[in-house]
Ligand SMILES: [Zn+2]
């Protein structure tokens, strides 16, 4: 069983004047919810298992340092660990409603580079090919791929191009955020973006980038993992639900390599990536106990179900 987490946070050094604050049932701090709390859960779990002497499956702990940045350097390690694991438990935080995450949207970033031809805007603009104008056509085309009904979003959110107002723009670049719930939508978007054709005669369109996390959906074995988790939660007095969550995490990567994965097993709280980030202390002990119950119930669990 792979226990997965990340030690990086989105916060630059020094961005919190008060790195630890406790008020009633809330503890605030940079990364306390996403996901230092979950990393602590792993430490507590290993301590408890060692002290208790209870039989448990072989555990592998993998803590990555670059999850928030897309896990570029961690990816080969995640893939390698996936080859050994029958199940992955991801200690990212529970949702603000306290739910665990059995599905996650896939995400990617495409970079579309456009080449036109420079010319003097005042003397012979018709000799040029305007890369900014070409980019404008491509942006509108990209927006047509958006499909809110299926939860597929396409966001051309960065656009750069041209050099000076009196020069026909020679180049432009569009960066597009893409997210989908399932593989069919992922393939549809991939085909469409990679197949973008220039609109203006003489313009060239080159597509780079791609998916950094494929969607994670509930399979037979991961549905069984959900059932075992809900059971474990009930044994310690927690009513737990599993939901699909729009954000991506390292869970997407291991799930894409055939490992039944469950995410959101860390503390409950709210405000990830925001100054109001906090965990709730009220049910920390029960969530910890649930993790212990779950892990010790996975001795016979196999990825083939
Ligand atoms: Zn996280």
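Residue numbers (my numbering): 65 to 369. From the three backbone atoms N, C-alpha and C, an ideal C-beta is built for every residue, glycine too. Quick caveat, the model's predicted, so the values are computed rather than measured.
Do residue 98 and ligand 1 come close, with the Cβ less than 7 Å from some heavy atom? Taking the first residue of the chain shown as 1, we reach residue 98 at position 34. Yes, ligand 1 has a heavy atom inside 7 Å of this Cβ.
Proximity below 8 Å, CB of residue 216 to CB of residue 249: Position 152 of the chain shown holds residue 216. Position 185 of the chain shown holds residue 249. Yes, they are a contact pair.
Reference residue 170; option with closest CA among 319, 347, 341 and 330: Working through the chain shown from its first residue, we reach residue 170 at position 106. Check the Cα spacing between residue 170 and each of 319, 347, 341 and 330: the tightest is with 319.
Using the Cβ count rule (16 or more neighbours within 10 Å means buried), how would you classify residue 278? The count along the chain shown starts at 1 and reaches residue 278 at position 214. It is buried - the Cβ of residue 278 has at least 16 other Cβ atoms within 10 Å.
Span of the alpha helix (DSSP H), counted from its first residue to its last, around residue 139: As a position in the chain shown, residue 139 is number 75, starting the count at 1. First-last of the alpha helix (DSSP H) with residue 139: 139 to 146.
Please confirm if the region 74 to 88 is in contact with the region 322 to 333, defined as three or more CB-CB distances below 8 Å between the two stretches. no
Residue of 348, 363, 365 and 364 minimising C-alpha distance to residue 106: Numbered from its first residue, the chain shown carries residue 106 at position 42. When only C-alpha atoms are compared, the closest one is 348.
Distance, residue 292 Cα to residue 121 Cα: Stepping through the chain shown from its first residue, residue 121 is reached at position 57. Stepping through the chain shown from its first residue, residue 292 is reached at position 228. Approximately 15 Å between the Cα atoms of the pair.
Are at least three pairs of beta-carbons, each pair with one atom in the region 131 to 143 and one in the region 260 to 270, less than 8 Å apart? no
Minimum C-alpha distance to residue 156 - residue among 358, 199 and 314: Translated into the one-based positions of the chain shown, residue 156 becomes position 92. Taking only the C-alpha atoms, the option nearest residue 156 is 314.
For residue 308, write down the residues that DSSP places opposite it in a beta bridge. The residue labelled residue 308 in the question sits at position 244 within the chain shown. According to DSSP, which records beta bridges pairwise, residue 308 is partnered with 167.
Quick check: the Cα distance between residue 145 and residue 256, rounded to an integer number of angstroms? Locating residue 145 in the chain shown gives position 81, where the first residue counts as 1. Locating residue 256 in the chain shown gives position 192, where the first residue counts as 1. Their Cα atoms are separated by approximately 32 Å.
Opening and closing residue of the alpha helix (DSSP H) in which residue 286 lies: As a first step, residue 286 is located in the chain shown; it is residue number 222 there, counting from the start. Its alpha helix (DSSP H) spans residues 284 to 299.
Note the first and the last residue of the continuous beta strand (DSSP E) segment covering residue 126. In the chain shown, the residue the question calls residue 126 occupies position 62. Unbroken beta strand (DSSP E) run through residue 126: 124 to 128.
What residue from 110, 69 and 207 has the CA that sits closest to residue 357's CA? On the chain shown, position 293 is the one that residue 357 refers to. When only C-alpha atoms are compared, the closest one is 110.
Residue 178: which of 238, 209, 65 and 247 sits nearest, CA to CA? The residue you call residue 178 lines up with position 114 of the chain shown. The residue with the shortest Cα to Cα distance from residue 178 is 238.
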